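Numbering (the numbering used here), first residue to last: 9 to 355. We put the beta carbon where it would ideally sit given N, CA and C, even for glycine. If you're wondering where the values come from, they're calculated on a predicted model, not measured in any experiment.
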Ligand code: IPM
Ligand code: MN
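Structural data, given as structure tokens:
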């Protein structure tokens, strides 16, 4: 037997509730195999910060590195100043573990209603760069709080960083049926970074002649995500544009309760991290009514990344079947988790 050493960071709010169901689904998926999950819980998030003042220490990071993957629930609480846990914990994990591919599928499952009148067949994936852009913290402010304040957040885009994520996006596009890649940026205004991205896509495209490409400015991309989302297959974009577009992607495919994500280190020099796109939702925390579907779909992404493709497909199929028959009767977090787990079978 083989063990998957899983670092579990449930975090704050509904993170705790949804991760519980994610773990049950994971066990069910692997039940028929020789593989079992060996979870280690990490106490990270608001509570830890309040008691110790720590967000993510070097020794936490070292310990997390010893795992095969990370399952993360949600981070954040209104009692912690904005930015402390986001930068000190979530982004620190993504940056330190070199999660340069932030993979976020946008798929409208059968039975799920979209707010769009004519959603069509929505099935794309956003490859959001995860370690650069305006997220790097390369900024500063002077004369803070005065009328003469100057606040800078400088977006960092390296040839190395752009090329590796673009190549990953092409690889994914080449493996898909439509083999189409859309670069989203804003090179009419952000001329330095924008043209680096454009040139990189053009050059890497030569290695993937079977993949067709096009380009959209980010503002236009938001229009097409509303008017014609089925035109998208793979979208590659920078960290901030990707953050914004993937919330829109979630909104048109049934909401963030369903949106899964994977923070991937494709070179496997550190564990990849799987997390629902949604946050800790303090307003409904502890009530057992958060939808664990996004976490369970993130578990499917994890299984796929770890090479358990059949098991991953089974989890996704179970979610799809549950969604197809999901009525309007509200169900608890546990009930949804249980219904999906039963469909996965195994337990
Ligand atoms: C997300 C979140 C994070 C991000 C925040 C919480 C730092 O919005 O995962 O999309 O901006 O990446
Ligand atoms: Mn976001």
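Query: Taking 7 Å as the line, does the beta carbon of residue 255 fall inside it for any heavy atom of the ligand MN?; Result: yes
Query: Report the rounded CA-to-CA distance for residue 41 versus residue 245, giving the unit in angstroms.; Result: 37 Å
Query: Can you confirm whether the segment 294-314 touches the segment 255-272 when touching is taken to mean that 3 or more C-beta pairs between the two stretches lie within less than 8 Å?; Result: yes
Query: From residue 297 to residue 339, what does the alpha carbon distance come to, in whole angstroms?; Result: 7 Å
Query: Name the two residues that bound the continuous alpha helix (DSSP H) containing residue 264.; Result: Note, residue 264: premise wrong, no alpha helix (DSSP H); not H, not E.
Query: Please confirm whether residue 155 and residue 133 have their CB atoms less than 8 Å apart.; Result: no
Query: I need the residues with a C-beta less than 6 Å from some heavy atom of the ligand IPM; please give them in chain order.; Result: 94, 98, 99, 251 and 285
Query: State the start and end residues of the unbroken alpha helix (DSSP H) segment that holds residue 347.; Result: 341-352
Query: Look at the Cβ atom of residue 77, then the Cβ atom of residue 320, and state whether they are nearer than 8 Å.; Result: no
Query: So does the segment 321-334 actually touch the segment 107-122, counting three or more Cβ pairs closer than 8 Å?; Result: yes
Query: When you compare each of 19, 38 and 146 to residue 310 by their alpha carbons, which one comes out closest?; Result: 38
Query: If you draw a straight line from the alpha carbon of residue 11 to that of residue 151, how long is it in whole angstroms?; Result: 54 Å
Query: Name the DSSP beta bridge partners of residue 223, please?; Result: 191
Query: Taking only the alpha-carbon atoms, compute the straight-line gap between residue 180 and residue 234 and give it to the nearest angstrom.; Result: 24 Å
Query: Scan the segment 89-165 and note each continuous alpha helix (DSSP H) run of 4 residues or more that stays entirely inside, going in chain order.; Result: 100-104
Query: Quick one: what's residue 13 bridged to in DSSP?; Result: 46
Query: Going by DSSP, what residue range makes up the alpha helix (DSSP H) through residue 306?; Result: 301-313
Query: Considering only the alpha carbon of each residue, which of 286, 101, 109 and 257 lies closest to residue 27?; Result: 286
Query: Would you say the segment 200-217 touches the segment 227-242, given that touching needs at least three Cβ pairs under 8 Å?; Result: no
Query: Taking the straight line between their C-alpha atoms, what separation do you get for residue 216 and residue 17?; Result: 37 Å
Query: Expressed to the nearest angstrom, what Euclidean distance is found between the alpha-carbon atoms of residue 317 and residue 307?; Result: 12 Å
Query: To the nearest angstrom, how far is it from the Cα of residue 50 to the Cα of residue 56?; Result: 10 Å
Query: Could you check if residue 193 is buried or exposed, using at least 16 other CB atoms within 10 Å of its CB as the buried criterion?; Result: buried
Query: What is the DSSP secondary structure of residue 213, reduced to helix, strand or coil?; Result: helix
Query: Quick one: measure Cβ to Cβ for residue 138 and residue 81, integer angstroms, because I've assumed they're closer than 8 Å.; Result: Actually they are not in contact, since the Cβ atoms of residue 138 and residue 81 sit about 19 Å apart, beyond 8 Å.
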